[in-house]
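Numbering (the working numbering), first residue to last: 455 to 790.
#1: Which residue or residues does DSSP assign as beta-bridge partners of residue 643?
#2: If we call anything under 7 Å between Cβ atoms a contact, is residue 554 one with residue 533?
#3: Output the residue ranges of the beta strand (DSSP E) runs that lie fully inside the segment 746-789 and measure 3 residues or longer, sorted by chain position.
#4: Can you tell me whether residue 523 is buried or exposed, with buried defined as 16 or more other CB within 10 angstroms of its CB?
#5: Starting from the Cα of residue 472, find the closest Cα among 503, 516, 486 and 655 and give me that residue.
#6: Just mark residue 474 as buried or exposed, buried being the case when its beta carbon has 16 or more other beta carbons within 10 Å.
#7: Within 8 Å, do at least three Cβ pairs link the segment 692-704 to the segment 743-754?
#8: Taking 8 Å as the cut-off, does the segment 652-665 touch the segment 725-742 (at least 3 CB pairs, one atom from each stretch)?
#9: Just verifying my parser: in three-state terms, what is the DSSP assignment at residue 686?
#10: Determine whether the beta carbon atoms of residue 506 and residue 545 lie at a separation below 7 Å.
#11: Leaving out five residues on either side along the sequence, give the residues of the same chain with a beta carbon under 6 Å from the beta carbon of residue 733.
#12: Would you check if the distance between the CB atom of residue 478 and the CB atom of residue 610 is smaller than 7 Å?
#13: Assess contact between the segment 601-620 and the segment 645-662, defined as three or more Cβ pairs (one per stretch) separated by less than 8 Å. Is contact present?
#14: If you check the beta carbons only, do residue 716 and residue 726 fall under 7 Å apart?
#15: Quick one: using the 10 Å Cβ neighbour count with 16 as the cut-off for buried, is residue 760 buried or exposed?
#16: Between 590, 679 and 511, which lies nearest to residue 783 when the distance is taken from Cα to Cα?
#17: Please go through the same chain and pick out, in chain order, the residues whose beta-carbon is closer than 6 Å to the beta-carbon of residue 582, but skip the five residues on each side of it.
#18: My parser needs the alpha helix (DSSP H) runs of 4 or more residues fully inside the segment 657-725; what are they?
#19: What's the C-alpha gap between residue 779 and residue 728?
#20: Give me the Cβ distance between residue 519 and residue 548, rounded to the nearest whole Å; I'm assuming they're in contact under 8 Å.
#21: Just reading off the beta strand (DSSP E) that residue 551 is part of, what are its end residues?
#22: Rounded to the nearest angstrom, what separates residue 490 and residue 768 at their Cα positions?
#23: Given a cut-off of 7 Å on the beta-carbon distance, is the pair residue 542 and residue 568 in contact?
#24: Apply the 10 Å Cβ neighbour rule to residue 677 and answer buried if 16 or more other Cβ atoms are within range, or exposed otherwise.
#25: Near residue 653, which residues of its chain fall below 6 Å by C-beta distance, leaving aside the five closest residues on each side in sequence?
#26: Excluding the 5 residues flanking residue 637 on each side, which residues of the same chain have their C-beta closer than 6 Å to its C-beta?
#27: Have a look at residue 683 and residue 528 and give me their C-alpha separation to the nearest angstrom.
#28: Give every residue of the same chain whose Cβ lies closer than 7 Å to the Cβ of residue 572, excluding the five residues on either side of it in the sequence, and list them in chain order.
#29: Just verifying my parser: in three-state terms, what is the DSSP assignment at residue 816?
#30: What residue range does the beta strand (DSSP E) around residue 608 cover?
#31: Beta-carbon within less than 6 Å of residue 492's beta-carbon, same chain only, minus the 5 sequence neighbours each way: which residues are those?
#32: Alpha carbon to alpha carbon, what distance is there between residue 510 and residue 624?
#33: I need the DSSP call for residue 736, collapsed to helix, strand or coil.
#34: Using DSSP with H/G/I as helix, E/B as strand and the rest coil, what is residue 558?
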């Protein structure tokens, strides 16, 4: 089903998680102990953790202001210190495609393979091309909160039959083709169960409707916040058609913080949360290098300090979305 979605341009491997898919993507590129991997800082930890699984060292790259995705400016700075990274992990944040027109030529200039983390961007399009196809390897996530789900699951998008077969081999404990259990290399229990795969095939039938609903939800928020000078819709990339997996707002020229909004909504049993906390600010990665877009501070840090992910579930009625939007707007305008 996924191969058909991509018009036969990829060789998919169904796996137990998007994190596992990134792990196998790194292995397929040959990343190993002592290597450097550039990774977008503003992302979920599942993008960065697999770098450590293979013994490599993550180096974190700051964001562009418009999308929160990897900054070409910061990427160039990273190459000045680390001219030979083994791979780059570029994330399509919240379903908004990265700036591939600028990022990919930089990677190509340095002969660096790219892993496109499209965990949040299944169905998003950048200049006529579907997300997941831009890297040497792509990955998807079918976690319970994604646009379609297998409860837990992910997928590696390979561009060759050889990488597909190797990923399948690794994901099934690297078992050799013998009657007995023979293992010549370390493998992993990353395969997706047939039951969950069946759920995923069924979910594919509603993907287009889910994307359409996500975009309508986002448009309602934009309408309600249109003339509110303290709230701006966040997440834009020129030439892109985001799936709008999550709708995100930026608080502007106000003392209101993301947690103020989160706590206000929580009083009405409405879930929301701040934007991802950048990896370079996480205690577990405190010793890793980071390259900022700015001379002082960071764009990703500012996004974390000012942005809120607001309700975007497709099961929420459009009237409820409008009510939530009005609740947020009134709170910000009355407490600025």
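By construction, the Cβ of each residue, glycine as well, lies at the ideal position given by its N, Cα and C atoms. Here the structure is a predicted model, which means the values were calculated and not measured.
For this structure:
#1: Paired residues: 626.
#2: For residue 554 and residue 533, no; Cβs fall outside 7 Å.
#3: 761-764, all fully within the segment 746-789.
#4: Residue 523 should be labelled buried.
#5: That would be 503, whose Cα lies nearest to the Cα of residue 472.
#6: So residue 474 ends up on the buried side.
#7: Under the three-pair Cβ rule at 8 Å, the segment 743-754 does not count as touching the segment 692-704.
#8: Segments in contact, no.
#9: The three-state secondary structure of residue 686, taken from DSSP, is strand.
#10: No, Cβ-Cβ distance for residue 506 and residue 545 is not below 7 Å.
#11: If we look at residue 733 and ignore the five residues flanking it on each side, its Cβ neighbours are 495, 502, 514 and 739.
#12: Yes, the Cβ-Cβ distance between residue 478 and residue 610 is below 7 Å.
#13: Yes, the segment 601-620 is in contact with the segment 645-662.
#14: Result yes, Cβ atoms of residue 716 and residue 726 sit closer than 7 Å.
#15: Buried is the call here.
#16: Answer by Cα proximity: 679.
#17: Counting only Cβ-Cβ distances below 6 Å, and skipping sequence neighbours, we find nothing.
#18: Listed in chain order, the complete alpha helix (DSSP H) runs (minimum 4 residues) inside the segment 657-725 are 661-679 and 712-720.
#19: Distance between the alpha carbons of residue 779 and residue 728: 16 Å.
#20: Actually they do not touch by this definition, with Cβ atoms about 14 Å apart.
#21: Counted as a single uninterrupted DSSP element, the stretch harbouring residue 551 is not any beta strand (DSSP E), since DSSP gives it neither H nor E.
#22: Straight-line measurement puts the Cα of residue 768 at about 39 Å from the Cα of residue 490.
#23: Yes, the Cβ-Cβ distance between residue 542 and residue 568 is below 7 Å.
#24: Residue 677 is exposed by the Cβ-count criterion.
#25: If we look at residue 653 and ignore the five residues flanking it on each side, its Cβ neighbours are 604.
#26: Around residue 637: 628.
#27: Going by C-alpha positions, residue 683 is about 29 Å away from residue 528.
#28: A distance below 7 Å between beta-carbons, with the five flanking residues on each side excluded, links residue 572 to the following residues of its chain, in chain order: 546, 585, 586, 592, 593 and 594.
#29: With the chain covering only 455 through 790, there is no way to say anything about residue 816.
#30: In the DSSP assignment, residue 608 falls within the unbroken beta strand (DSSP E) covering 608-612.
#31: These residues qualify, in order along the chain: 513, 515, 532, 539 and 542.
#32: Cα to Cα, residue 624 sits roughly 19 Å from residue 510.
#33: Looking at residue 736 - three-state DSSP - the assignment turns out to be coil, as it is neither helix nor strand.
#34: DSSP places residue 558 in helix when its eight states are reduced to three.
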